[in-house]
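Notes follow once the structure below has been shown.
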Amino acid sequence: KNIVANDADRILIRRFPFRTVEINGSVLNPGQYMVSEGETVSDLVKKAGGYTKNAYPFGAVFENIDALEINKAAKSILYTQFLDNIILASQQNPTGDLDLTSIIKLTENLKKVEPNGRIVIDLYNDNNSNDVILRDGDVLSIPEKNNHVYVFGQVSSEGALIYKDN
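Counting along the sequence shown from 1, when you hit position 152 you're at 142 in my numbering, and nothing is skipped either side.
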């Protein structure tokens, strides 16, 4: 049907921005979801059918593109400051007996680390004061509970051990 517009007519087009986000791991329906502007992590968990019986929300990993950009910038600043401190330390040591081998190795490792864009979230808190609003490209991963713990550091035997109450 053709509609003829008159001089006094107005057309209102509402904006419905959608975002594509992903949830994987221990939820009933993992996958990609379209969410509306303003929807949160808890809304996404509900859309995915909730947690499985073996879900471990405390270990959730939330990755965000904005946080990734901030992490990249912070890494660059940290790397530059670290190099400046190494140069300053070497200049303040006129005898040249300062061994920078381990510090240089650490600097090389720092340069290789990939920023991840992770945001710490609290999925246990039922009030929505900590609920994160979803952005396009966000990824939420919910791990499964396991019955082992990892022991490492200055102990006689490092490795995974079966967890038992008490």
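Glycine included, each C-beta is placed from N, C-alpha and C at the ideal position.
Given the structure is predicted, the values throughout are model-derived calculations rather than measurements.
(request) Just grab the DSSP bridge partners of GLY21 for me. (result) Numbered from its first residue, the sequence shown carries residue 21 at position 31. Partner residues in the beta bridge of GLY21, as assigned by DSSP, are ILE13.
(request) Return the CA-CA distance between GLY127 and GLN81, expressed in angstroms with no decimal places. (result) Here residue 127 refers to the residue found at position 137 when the sequence shown is read from its first residue. Here residue 81 refers to the residue found at position 91 when the sequence shown is read from its first residue. Each residue's Cα considered, the two are about 46 Å apart.
(message) Contact defined as beta carbons within less than 8 Å: I believe ASP121 pairs with SER16. What is the distance between those atoms, to the nearest angstrom?
(response) The sequence position of residue 121 within the sequence shown is 131, counting from 1. The sequence position of residue 16 within the sequence shown is 26, counting from 1. Not really, about 19 Å apart at Cβ, beyond 8 Å.
(request) Compare the beta carbon distance of LEU90 and PHE72 with 8 Å and say whether it is the shorter of the two. (result) Translated into positions along the sequence shown, residue 90 becomes position 100. Translated into positions along the sequence shown, residue 72 becomes position 82. Judged by beta-carbon spacing, PHE72 lies beyond the 8 Å limit of LEU90, meaning their Cβ atoms are not closer than that value.
(message) Tell me the DSSP secondary structure of GLY49 in three-state form.
(response) Here residue 49 corresponds to residue number 59 of the sequence shown, with the count starting at 1. Looking at GLY49 - three-state DSSP - the assignment turns out to be helix.
(message) Between the stretch 105 to 112 and the stretch 48 to 55, can you find at least three pairs of beta-carbon atoms closer than 8 Å?
(response) Judged by pairs of C-beta atoms under 8 Å, the stretch 48 to 55 touches the stretch 105 to 112, as three or more such pairs exist.
(request) Take TYR23 and list the residues in its own chain whose beta-carbon comes closer than 8 Å to its own, dropping the five residues that flank it on each side. (result) Counting from 1 along the sequence shown, the entry for residue 23 is found at position 33. So the qualifying residues of the chain are THR10, VAL11, GLU12, ILE13, LEU34, LYS37 and ALA38.
(message) What does the Cβ neighbour count give for ILE132, buried or exposed, with the cut at 16 atoms within 10 Å?
(response) Against the sequence shown, residue 132 aligns to sequence position 142. That one is buried.
(message) Can you tell me which residues form a DSSP beta bridge with ALA64?
(response) Indexing the sequence shown from 1 puts residue 64 at position 74. Beta bridge pairing from DSSP links ALA64 with no other residue.
(request) Ignoring anything shorter than 4 residues or poking outside the stretch 91 to 127, list the alpha helix (DSSP H) runs there in chain order. (result) With a minimum length of 4 residues, the continuous alpha helix (DSSP H) runs that stay inside the stretch 91 to 127 are 91 to 102.
(message) Looking at the secondary structure, which residues open and close the beta strand (DSSP E) in which LEU130 lies?
(response) Position 140 of the sequence shown holds residue 130. 129 to 132 is the span of the beta strand (DSSP E), which, as asked, contains LEU130.
(request) Pull up the DSSP beta-bridge partners for VAL139, would you. (result) Within the sequence shown, numbered from 1, the residue matching residue 139 stands at position 149. DSSP output for VAL139 lists LEU151 as bridge partner(s).
(request) Please name the residue, chosen from ASN19, ARG4 and ILE55, that lies closest to VAL129 on a Cα-to-Cα basis. (result) As a first step, residue 129 must be located in the sequence shown, where it is residue number 139. Of ASN19, ARG4 and ILE55, the residue nearest in Cα terms is ILE55.
(request) Give the DSSP-derived three-state secondary structure of SER32 in the structure shown. (result) In the sequence shown, residue 32 corresponds to position 42, counting from 1. SER32 falls in the helix class under three-state DSSP.
(request) Would you please state the rounded distance, in angstroms, between the beta carbons of TYR41 and GLU134? I believe it to be under 8 Å. (result) In the sequence shown, counting from the first residue as 1, residue 41 sits at position 51. In the sequence shown, counting from the first residue as 1, residue 134 sits at position 144. Incorrect: roughly 10 Å between the Cβ atoms, too far for contact.
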